[in-house]
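Accompanying notes for the structure given below.
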Amino acid sequence: MAKEVIQAKKARIKCLTSGQAGTGTQRRRAVQSPIDMVNGPLLRNILRFAPPLMLANLMQRFFNAADTLIVGRYCGEAALAAVGAASPIVVFFVWSLNGLSIGADVLISGMYGRRDDRGIAASLHTAYGLSVIIGVLYTLAGILFASRILDWMAVPREIRGQAALYMRIYCSGLIFTSVYDFCASILRSGGDTKRPMLYLSLSGLANVLMNLLFVLGLGWNVEGVAIATALSQLMAAGVITYHLLHEKGVNRLDLKHIRPDPNLAKQILAIGLPAGVQGMFYSVSNIIVQASVNLFGAAAIAANSAATTIEDFVYVTTAAYDQTCVTFTGQNAGAGNWKRIRSLLLVSLVLVSTCAFTIGFSSYHFGKTLLALFTDSPEVIRIGLIRLRLVGAFLFLNGLLDIFVASMRGMGYSTMPTLFMLTGICGTRIIYILTCFAAEPSLERLYLCFPVSWVIALTLEFLLWLHTYRKHCRIYKE
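Residues 33 to 510 (the numbering used here) are what the sequence shown spells out, left to right.
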């Protein structure tokens, strides 16, 4: 009986990392990854793969940063507070979409590792179809429930109208965000990170130019920056779709074949849905923090918005190593190369901790100058520095935590890492706010919930990774 369970487990892992395997001939004909993730030099290939991801992530965050910067400088403190109040909800949608797209990355990268032509082609079309369906649902949800969510967050009445307007317009472009994220995952799974970075850079430049046109040229307020962001998302999705339509080989998109295969869709969602749920609940905890910040007034909201925008640039650089770890682990899991997965984890931990600590500390050291880009208010800058000191300087802990989660997802396991993350991050922050913060409310005490939750979650995920890795090594040996 135990042997049957082990065999079933092995079959499930292979299914998640390889999908619908083709024949031996098809595997030999499979398209080759531009970067040899299975056999090539590990550090050199990671450093080839990750930088374009960093730039792409920075461009995606630049959409929101450009909104915040231009609103803060030219539309006033109330408009900046409105964008800041809506930002955690926007991030809620964006992170969950990014998490869902991870399922396509893991599935297709495993097929590259196993050299499966037919599986790559079928998974590509399934992933694209899913991106459209999911994007439509997210767009409708954001538009329909904007006011109710802002009411629940206790957003001050004087900025609630502007926040709702910004959120509705921004969410109208979520379908394009979904399409771009899934298409970028498709290209990334095969080792191509440069072209997604190029397309997002172009749309990011267009976003800035449209922001200036709508706000400075036409005199629009928060609606101007929201429209600019939605249009830039449309541009990114359109260009990357055009690229896939004109690709050569098995990773070419054919509009006539966009019919999600139920089995492949199930495998994508088996990885992507827990990752998306993690992004959603991770954002929920941040929304609860934002609701607590709202109690301190418009200046605190504006400061939190500006400081969070600065922290986002730290986060997205470390997120590139998480995405790299997922793809490299997926290909090596598909090839059954389990020893290399351990080496990959160690290299990723060193890189992400070095990067996050350096940038995070610098963001605090130069915090006053950076915050002055968003506002001239001394009070807003003072409050923003509190967050950068207690949150931004400790972002390296979050980077380490995400590497362990990324490694397990690349191995085909997403549910347990998500549950542990929800317990360590969301559970800790909620309990902390209801107890420690409620006993003596202050911004300093509130922001301490971030490093406390990261330490607890990091410990849990490290122990889970050890258990998962040893179990899979044992299964494959048998």
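The beta carbon of each residue, even a glycine, is placed where N, CA and C say it ideally should be.
Residue range of the alpha helix (DSSP H) that includes residue i
i       : result
Tyr-231 : 226 to 244
Met-267 : 254 to 277
Pro-473 : No alpha helix (DSSP H) holds Pro-473; DSSP gives it neither H nor E.
Arg-441 : 427 to 442
Thr-362 : Thr is not the amino acid found at residue 362; the sequence shown has Gly there. Where Gly-362 is concerned, the enclosing alpha helix (DSSP H) stretches over 330 to 366.
Thr-460 : 460 to 464
Length of the line joining the Cα atoms of residue i and residue j
i       : j       : result
Tyr-136 : Val-126 : Note that residue 136 is Ala in the sequence shown here, rather than Tyr. Cα-Cα distance, rounded: 16 Å.
Ile-218 : Tyr-445 : 19 Å
Leu-162 : Ser-409 : 45 Å
Thr-390 : Tyr-464 : 28 Å
Pro-449 : Ser-337 : 29 Å
Leu-427 : Leu-132 : 23 Å
Phe-398 : Phe-406 : 14 Å
Met-312 : Asn-318 : 10 Å
Gly-236 : Ser-264 : 7 Å
Glu-411 : Pro-483 : 24 Å
Ile-259 : Ala-238 : 12 Å
Val-115 : Thr-340 : 12 Å
Val-240 : Arg-441 : 35 Å
Ser-385 : Leu-90  : 18 Å
Leu-234 : Ala-352 : 19 Å
Thr-273 : Tyr-231 : 10 Å
Arg-147 : Trp-184 : 50 Å
Gly-329 : Arg-200 : 23 Å
Pro-473 : Ala-323 : 13 Å
Gly-249 : Gly-431 : 40 Å
Ala-88  : Ser-439 : 21 Å
Ala-113 : Gly-392 : 24 Å
Thr-350 : Ala-388 : 6 Å
Leu-301 : Met-267 : 26 Å
Ala-186 : Ala-117 : 10 Å
Tyr-198 : Val-247 : 13 Å
Leu-327 : Leu-478 : 11 Å
Ser-141 : Tyr-202 : 31 Å
Cys-107 : Arg-192 : 15 Å
Proximity winner among the options, relative to residue i (alpha-carbon distances)
i       : options                               : result
Met-242 : Gln-194, Phe-177 and Asp-99           : Asp-99
Gly-174 : Leu-206, Thr-460 and Ser-324          : Leu-206
Ala-27  : Gly-167, Thr-340, Ile-320 and Gly-399 : Since the first and last residues shown for the chain are 33 and 510, residue 27 lies out of range.
His-499 : Ala-471, Val-437 and Arg-189          : Val-437
Arg-374 : Phe-428, Ile-415 and Phe-494          : Phe-494
Ile-121 : Gly-72, Leu-296, Phe-177 and Ser-141  : Phe-177
Ile-67  : Lys-226, Arg-414, Gln-310 and Ala-302 : Lys-226
Thr-171 : Gly-308, Thr-209, Ala-186 and Pro-188 : Thr-209
Ala-216 : Ile-290, Asn-253 and Ile-134          : Ile-134
Cys-481 : His-504, Lys-503 and Ile-457          : Ile-457
Leu-296 : Gly-151, Met-69, Arg-189 and Val-70   : Gly-151
Lys-503 : Ala-471, Ile-462, Thr-491 and Met-443 : Met-443
Gly-104 : Val-123, Val-257 and Asp-344          : Val-257
Leu-519 : Thr-401, Pro-73 and Ile-435           : Outside the shown range of the chain (33 to 510) lies residue 519, about which nothing can therefore be said.
Asp-213 : Ile-488, Thr-491, Leu-85 and Asp-293  : Leu-85
Arg-291 : Thr-455, Ser-155 and Ala-82           : Ser-155
Val-382 : Ile-435, Gly-424, Ile-413 and Val-423 : Ile-435
Pro-294 : Asp-344, Ala-159 and Cys-203          : Ala-159
Leu-490 : Tyr-479, Met-453 and Leu-478          : Met-453
Leu-496 : Lys-280, Ala-471 and Leu-433          : Leu-433
Ile-418 : Ala-196, Ala-334, Cys-107 and Tyr-106 : Ala-334
Coil, strand or helix - residue i by DSSP
i       : result
Phe-494 : helix
Lys-371 : helix
Thr-407 : coil
Pro-292 : coil
Asp-183 : helix
Asn-71  : coil
Lys-280 : coil
Ser-446 : coil
Asp-213 : helix
Gly-424 : helix
Leu-250 : coil
Leu-285 : coil
Leu-480 : coil
Gly-223 : coil
Leu-327 : coil
Phe-177 : coil
Phe-313 : helix
Phe-398 : coil
Ala-34  : The predicted model places Ala-34 with a pLDDT of 38, which falls under 50 and marks its position as unreliable; any figure quoted below should be read in that light. Here Ala-34 sits in helix by DSSP.
Chain B contact for residue i (CB, 7 Å cutoff)
i       : result
Thr-350 : Looking for chain B here will not work: only one protein chain is present.
* Write down every uninterrupted run of the alpha helix (DSSP H) in the region 97 to 175 whose length is 4 residues or greater and which is fully enclosed by it, in chain order. => For the region 97 to 175, whole alpha helix (DSSP H) runs of length 4 or above, ordered along the chain, are 109 to 146.
* Fully enclosed by the region 187 to 211, which alpha helix (DSSP H) runs are 4 residues long or longer? -> Scanning the region 187 to 211 for uninterrupted alpha helix (DSSP H) segments of 4 residues or longer gives 189 to 203, listed from N- to C-terminal end.
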